[in-house]
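Residue numbers (this note's numbering): 71 to 221.
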């Protein structure tokens with residue numbers, strides 16, 4: 071019998087695996103080759119300390135299969151309800167197509183619902199058309215054009 075992957079907050083010891091996933095576009099990046107800089111350490115510590123932020127990992131035993139960051143944002147829209155912002159969604163390249171991305175996203179949406187969020191939003195690079203189809207298949211609708219400004 072196959073056990074279901076577990077979705078939970080990442081631990082500090084999993085930071086190299088998370089960074090490897092974030093660097094992974096087409097191939098699996100070995101976490102042992104990832105340099106965990108002080109900036110990454112500080113960012114992870116800030117995420118861990120903030121109850122409105124979660125770096126979530128989908129794991130099978132010791133193996134990190136996927137990750138995402140969820141930020142819960144209070145607002146005056148939607149009757150004062152929180153919204154969840156999902157970013158940094160990744161699944162290991164060698165496990166894409168196994169349904170893990172769907173499981174990761176569905177469980178993250180359920181987590182946001184349990185927190186009382188009125189909506190979940192995300193952004194995706196315009197060039198990632200496969201990801202756009204994937205998010206649409208999960209019920210996400212294109213509703214806005216986004217803008218970013220590098221500082």
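The beta-carbon is built from N, C-alpha and C at its ideal position, and this holds for glycine as well.
With DSSP as the reference, label residue 80 as helix, strand or coil. coil
Out of 128, 210, 134 and 86, state which residue places its alpha-carbon closest to the alpha-carbon of residue 108. 86
Rounded to a whole number of angstroms, what is the C-alpha to C-alpha distance between residue 164 and residue 143? 33 angstroms
Use the C-beta contact count for residue 76: other C-beta atoms within 10 angstroms, 16 or more gives buried, fewer gives exposed. exposed
Does DSSP put residue 133 in a helix, in a strand, or in coil? strand
Helix, strand or coil at residue 140 according to DSSP, with G and I counted as helix: strand
According to DSSP, is residue 242 part of a helix, a strand, or is it coil? Lying outside 71 to 221, the shown extent of the chain, residue 242 is not represented and no answer is given.
Ignore the nearest five residues each way along the sequence and tell me which others in residue 151's own chain have a CB closer than 7 angstroms to its CB. 186, 187 and 188
Closer than 7 angstroms: residue 127 CB and nearest the ligand GDP heavy atom: As for the ligand GDP, it is missing from this structure, which has no ligand bound.
In this structure, how does DSSP classify residue 151 when only helix, strand and coil are distinguished? coil
Can you grab the Cα-Cα spacing for the pair residue 202 / residue 145, in whole Å? 26 angstroms
Let me check one thing: in DSSP terms, what residues is residue 160 bridge-paired to? 137
Coarse secondary structure for residue 174, derived from DSSP in three states: helix
Could you please give the first and the last residue of the uninterrupted beta strand (DSSP E) stretch that includes residue 189? 189-192
Compute the beta-carbon to beta-carbon distance between residue 84 and residue 127, rounded to the nearest angstrom, for a pair I have assumed lies under 8 angstroms. 6 angstroms
Measuring alpha carbon to alpha carbon, tell me which of 149, 190 and 195 ends up nearest residue 211. 190
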